[in-house]
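Trainee: Below is a structure I'd like to ask you about.
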Amino acid sequence: MPNHKVRRLAFHEVVFDDGHTLHHAVVEVCGNEVLNSYTFNGEPAMTEWIGGKAFVEKGKIRIHSSFLINISSLM
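Using full-length UniProt numbering, read the sequence shown as starting at 1 and increasing by one per residue.
What follows is the structure, given as structure tokens:
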């Protein structure tokens, strides 16, 4: 199993499998495992802006972005 570091990713919208949605949210992940999530105002330090929409399903993140990104580079 690869050794992953904790990363803070920011999105326009994060949709959870229980039905709730966060707007302008940070998701803290290790690999694709979600550790924490919260909304923000301003510019959160030490955070990678991904933009677009992310989905959290069964504690895992799935990313949909308007930008062309290499998903493997995020994990």
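C-beta: ideal position from N, C-alpha, C; glycine also.
Being a predicted model, the structure only gives us computed values, none of them experimental.
Quick one: what does DSSP say residue 11 is sitting in, helix, strand or coil?
Mentor: In this structure, residue 11 counts as strand in the three-state DSSP scheme.
Trainee: Can you name the start and end residues of the beta strand (DSSP E) that residue 40 belongs to?
Mentor: It is not in any beta strand (DSSP E) - residue 40 carries neither H nor E in the DSSP assignment.
Trainee: Excluding the 5 residues flanking residue 33 on each side, which residues of the same chain have their C-beta closer than 7 Å to its C-beta?
Mentor: Contacts found: 59 and 60.
Trainee: What did DSSP end up calling residue 47 once you bin it into helix, strand or coil?
Mentor: Note: residue 47 maps to coil in three-state DSSP.
Trainee: Exposed or buried, what is residue 56 when buried is set at 16 or more other beta-carbons lying within 10 Å of its beta-carbon?
Mentor: Buried: at least 16 other Cβ atoms inside 10 Å.
Trainee: Using CA atoms only, rank isn't needed, just tell me which of 38, 7 and 48 is closest to residue 15.
Mentor: It is 38 whose Cα lies nearest to the Cα of residue 15.
Trainee: If you check the beta carbons only, do residue 29 and residue 10 fall under 9 Å apart?
Mentor: Going by C-beta atoms, residue 29 is not nearer than 9 Å to residue 10.
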